[in-house]
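Colleague:
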Amino acid sequence: MSGDPHSPTTPKSQLAQCPKSRNCVCSDAVNPQHHIEPFQLKVNLERAWAAAQSVVRALPRTNLVTVTTDYLHAECRSGSWQFVDDLELQLRPSTGVIAVRSASRIGYFDLGVNRRRVERIRTALRQQEVVS
Numbered sequence: 011m012s013g014d015p016h017s018p019t020t021p022k023s024q025l026a027q028c029p030k031s032r033n034c035v036c037s038d039a040v041n042p043q044h045h046i047e048p049f050q051l052k053v054n055l056e057r058a059w060a061a062a063q064s065v066v067r068a069l070p071r072t073n074l075v076t077v078t079t080d081y082l083h084a085e086c087r088s089g090s091w092q093f094v095d096d097l098e099l100q101l102r103p104s105t106g107v108i109a110v111r112s113a114s115r116i117g118y119f120d121l122g123v124n125r126r127r128v129e130r131i132r133t134a135l136r137q138q139e140v141v142s
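When we follow the numbering used here, the leftmost residue of the sequence shown carries the number 11, and every step to the right adds one.
Below, the structure is given as structure tokens:
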């Protein structure tokens, strides 16, 4: 993994930990301030991964940077200031989850933007009955 906590990881077994700043959430985070639950799958891996990609593609001002069979990195721009946040999803077949990380590249506090983004994705996947 990269030494810079603001940089997205390359596909590995675990997503990068969040920095100390309050502008990141990650399902792999140890710190409760940054922790968010992964997406627990209710359907087969292929359907879940396709649905997750579709939901991310539909997010406003979002550009997919990397998509593999088990890893997705997208750049999400804020509406007014055009700040870039990094969104990462990682399919984990052995545990039946999609791990998630969303982090601002700059600043200290994100006003909850990254947590809300992840929860919007979770809600969309729940509506499709893909995750619990």
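Where is the CB? At the ideal position from N, CA and C, for every residue including glycine.
The structure displayed is predicted, hence computed values, not measured ones.
For V35 and V53, I'd like the C-alpha separation in whole angstroms.
Modeller: 25 Å
Colleague: Around the C-beta of S114, are 16 or more other C-beta atoms found within 10 angstroms, so that it is buried, or is it exposed?
Modeller: buried
Colleague: By Cβ distance, which residues of its chain are closer than 6 Å to S142, with the 5 residues on each side in sequence left out?
Modeller: Q50 and K52
Colleague: Taking the continuous alpha helix (DSSP H) assigned at L69, which residues delimit it?
Modeller: For L69, there is no enclosing alpha helix (DSSP H), since its DSSP letter is neither H nor E.
Colleague: Who are the near neighbours of T76 in its chain, counting only those whose CB is closer than 6 Å to its CB and skipping five residues on each side?
Modeller: In its chain, beyond the 5 residues on either side, H83 have a beta carbon closer than 6 Å to the beta carbon of T76.
Colleague: DSSP three-state call for R115: helix, strand or coil?
Modeller: coil
Colleague: What do you get for G13, buried or exposed, if any count of 16 or more other CB atoms within 10 angstroms of its CB means buried?
Modeller: Its pLDDT being 39, under 50, G13 is placed unreliably by the model, and the measurement read from it follows with that caveat. Exposed is the call here.
Colleague: Return the Cβ separation of A62 and L99 in integer angstroms, given the expectation that the two are a contact with Cβ distance under 8 Å.
Modeller: 6 Å
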